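Residue numbers (the working numbering): 109 to 347. Take a look at the structure set out below.
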Ligand code: NAD
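See the structure below:
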């Protein structure tokens with residue numbers, strides 16, 4: 109059985125996608141039961157849709173948020189959070205917007221695609237935390253422009269600061285672990301190739317093969333909540 113001792117690596121990247129939250133009850137986008145089997149992305153997750161029919165877009169995000177609020181982090185989120193507290197060289201990059209890494213206690217998370225729990229000013233990009241209340245049509249308290257969910261929709265650029273921080277960590281990684289991502293959403297998926305080219309030991313945790321599987325040295329076809337506690341030896345030290 110493959111086992112990875114985290115103390116053997118100096119710069120570790122965990123790169124997570126919707127699959128890590130599947131066992132918490134958050135549906136993935138693609139595959140059986142996926143969100144895109146029920147919704148058309150261009151009608152609920154694009155700036156154009158928001159301009160034409162903000163009510164439908166807000167309702168979609170509110171439904172997702174209400175659902176995610178009932179879900180709890182699973183052992184995969186919890187392992188990463190615990191290991192981050194013991195090993196200064198771990199970077200966590202997620203494509204998820206559900207906030208479950210933070211709720212599991214991860215001290216730092218690079219959120220490439222934003223968060224369901226924030227609104228963003230469409231003019232200046234300032235944020236408004238909405239963890240405590242429902243989505244509403246609101247204006248920016250600073251400039252009066254309208255707010256939109258802080259999610260990277262189809263056609264949106266990825267947040268530059270998040271992308272740069274992620275790229276720096278990936279370029280230096282000696283262990284790169286992709287968990288529950290189909291690896292088809294760009295530019296995030298490019299990190300897999302980037303880490304591979306950089307010479308990192310590559311581990312894929314996914315219940316199914318993906319288009320990127322050939323870039324990995326080890327493919328663990330095990331659900332994330334089992335793969336992390338079974339195949340990784342935690343760094344030494346107390347939390
Ligand atoms: P995806 O839906 O394209 O792929 C999910 C992957 O997870 C699949 O390859 C599937 O085989 C795998 N998987 C399913 N259950 C698993 C498990 N228990 N253990 C391990 N692997 C499992 O998701 P993606 O690659 O993250 O990319 C799509 C976009 O989806 C991202 O941009 C993200 O913003 C968004 N998204 C996020 C959430 C969330 O926040 N939880 C949910 C749905 C979609």
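For each residue, glycine too, the CB sits at the ideal point set by N, CA and C. Since we're looking at a predicted model, the values are computed, not measured.
Using a Cβ distance threshold of 8 Å, residue 229 and residue 200 do not count as a contacting pair. The segment 298-311 makes no contact with the segment 145-155; the number of CB pairs closer than 8 Å stays below 3. The Cβ-Cβ distance between residue 253 and residue 279 does not fall below 8 Å. Within the chosen limit of 7 Å, the ligand NAD does not reach the beta carbon of residue 110 with any heavy atom. When secondary structure is reduced to three states using DSSP, residue 217 falls in the coil class, being assigned neither helix nor strand. Taking non-hydrogen atoms of the ligand NAD into account, the C-beta of residue 267 is found less than 7 Å away from none of them. Placement of the Cβ of residue 254 at a distance of 7 Å or more from every heavy atom of the ligand NAD is found.
In chain order, 181, 185, 186, 189 place their CB closer than 6 Å to the CB of residue 212, counting only its own chain and leaving out the 5 sequence neighbours on each side. Around the C-beta of residue 206, 16 or more other C-beta atoms lie within 10 Å, and the residue is accordingly described as buried. Shortest gap from the CB of residue 137 to any heavy atom of the ligand NAD: under 7 Å.
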